[in-house]
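Under full-length UniProt numbering, the letters of the sequence shown match residues 1 to 245, in that order. Here a beta-carbon is modelled for each residue, glycine too, at the ideal position from N, C-alpha and C. A quick note: this is a predicted structure, and the numbers were derived from the prediction, not measured. What follows is a single structure, written as structure tokens, with notes after it.
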Amino acid sequence: MTEVYDNDVFFAEYTAMDRSMKGLDGAPEWPQYQALLPKLHGLNVLDLGCGMGWFSRWAIDQGAKSSPGLDNSHNMLARAKEMTNHDEVSYEHANLDQLSFGEDMKNKYDLVHSSLVLHYLVHIDELVKQVHNVLVPGGTFSFCIEHPIFTSTYHQDCIVDCKTENTYWSLSYYPDEGTRKIRWLNSDVEKQHRMATTYMNVLLKNGFEITGFDEWFGSRDMLASFGKYGFRETPMFLLMSAVKK
């Protein structure tokens with residue numbers, strides 16, 4: 001998994017973003033994603049790639065029994081601990097690309113959540129196996145990723161129509177799964193591109209039933225509030241939920 005979040009230059013840029021300063025309220029995809037979640041009251045929740053802990057804290061505020069978070073970034077974990085005063089929330093360092101839960105974790109969680117993390121991971125199949133193991137039967141695995149249309153190209157850029165001045169995303173190399181190296185927030189970042197069907201199939205293969213599938217484009221009102229996303233004529237986020245059979 002990428003170490004870029006422990007790059008101080010990158011982290012300074014990242015913490016200046018709306019989603020870092022405003023939390024879930026600064027995430028434009030949040031209302032659609034929230035609709036995929038079960039009611040959290042009384043649930044044990046696990047946050048994979050917890051970042052600054054916004055979701056973990058929100059889960060407790062919604063009545064979750066516990067909501068620990070795992071993350072690969074020491075910078076993120078330090079900030080999360082600074083911002084958290086919930087006894088039911090704990091944070092732990094973990095490399096999600098090498099995650100392995102013991103037998104004592106089997107059937108422990110009602111919900112496993114992961115936001116904007118899976119497209120960084122190389123070993124997605126093994127992670128999904130681990131998630132299935134720690135969920136109770138009927139438990140939910142929900143996640144949000146950068147949309148595969150958005151991650152497909154090797155050179156992330158938009159195209160402007162000279163006649164209409166409309167802006168379009170350049171879709172290319174969609175079936176060519178693997179590493180993408182991009183420049184983001186003044187740093188070199190590696191992500192993993194996968195087709196949408198790959199995410200679906202890895203869930204089905206590992207004993208999940210898909211219960212939610214959505215794409216974030218944003219309404220007119222939302223685009224006005226989050227103008228920096230509004231120029232893209234493409235879904236930016238893919239949102240999915242699945243239950244353990």
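Q) Which stretch, first to last residue, makes up the alpha helix (DSSP H) that contains glutamine 130? A) 124-134 is the extent of the alpha helix (DSSP H) around glutamine 130.
Q) So does the stretch 104-111 actually touch the stretch 77-94, counting three or more Cβ pairs closer than 8 Å? A) No, the stretch 104-111 is not in contact with the stretch 77-94.
**Q.** glutamate 13, DSSP secondary structure in three states
**A.** Correct three-state label for glutamate 13: helix.
Q: Mark glutamine 130 as exposed unless 16 or more other C-beta atoms lie within 10 angstroms of its C-beta, in which case mark it buried.
A: Under the 10 Å beta carbon count, glutamine 130 is surrounded by 16 or more other beta carbons and is classified as buried.
Q.
Quick check: is any heavy atom of the ligand HEM less than 7 Å from the C-beta of methionine 200?
A. The model on display carries no ligand, and the ligand HEM is accordingly not part of it.
Q. Out of curiosity, what's the CA-to-CA distance linking valine 136 and serine 170?
A. Counting only the Cα atoms, serine 170 lies some 41 Å from valine 136.
Q: With DSSP as the reference, please indicate the residues paired to histidine 93 in a beta bridge.
A: Asp71
Q. So is proline 175 buried or exposed if we call it buried at 16+ other beta carbons inside 10 Å?
A. exposed
Q: Would you please state the rounded distance, in angstroms, between the beta carbons of serine 66 and glutamate 88? I believe it to be under 8 Å.
A: Confirmed, about 5 Å.
Q: Assign asparagine 201 to one of three DSSP states: helix, strand, or coil.
A: helix
Q: Under the assumption that isoleucine 145 contacts leucine 238 (Cβ atoms under 8 Å), give the Cβ distance between them as a whole number of angstroms.
A: 5 Å
Q) Using the rule of at least 16 other Cβ atoms within 10 Å of the residue's Cβ for burial, across every protein chain shown, is residue 246 buried or exposed? A) The shown model of the chain, from 1 to 245, leaves out residue 246, and the question about it has no answer.
Q: Please decide whether lysine 129 counts as near chain D, where near means a Cβ-Cβ distance under 8 Å.
A: This model lacks chain D altogether, as it is built from one protein chain only.
Q. In terms of alpha-carbon separation, which member of Asn206, Glu92, Ala196 lies closest to glutamate 215?
A. Ala196
(Q) Is the beta carbon of glutamate 177 closer than 8 Å to that of histidine 193? (A) Closer than 8 Å, so yes.
Q | Alpha-carbon spacing of leucine 24 relative to phenylalanine 55, whole angstroms | A | The straight-line gap from Cα to Cα measures roughly 7 Å.
Q. Taking Cβ to Cβ, would you say residue 274 is nearer than 8 Å to asparagine 75?
A. Lying before the first or after the last residue shown, residue 274 is absent from the chain, which here runs from 1 to 245.
**Q.** Residues near valine 122 by beta carbon distance below 7 Å, same chain, minus five either side
**A.** Asp97, Gln192
Q | Nearest-angstrom Cα separation, counted from methionine 240 out to lysine 60 | A | A small fix is needed here, since residue 60 is isoleucine in this sequence, not lysine. Each residue's alpha carbon lies about 22 Å from the other.
Q. Tell me, which residues are paired with arginine 180 by DSSP?
A. Lys191
Q | phenylalanine 55, enclosing beta strand (DSSP E) - first and last residue | A | Premise fails: phenylalanine 55 lies in the alpha helix (DSSP H), 54-61, not in any beta strand (DSSP E).
Q.
For valine 243, which residues in the same chain have their Cβ closer than 8 Å to its Cβ, ignoring the five residues on either side in sequence?
A. Gly138, Gly139, Thr140, Phe141, Phe208, Glu209, Thr211
Q: Determine the DSSP secondary structure at glutamate 215, reduced to helix, strand or coil.
A: strand
Q) Quick one, which of Phe217, Pro148, Thr234 has its alpha-carbon nearest proline 31's? A) Phe217
**Q.** Backbone CA spacing between glycine 102 and glycine 63 [nearest angstrom]
**A.** 27 Å
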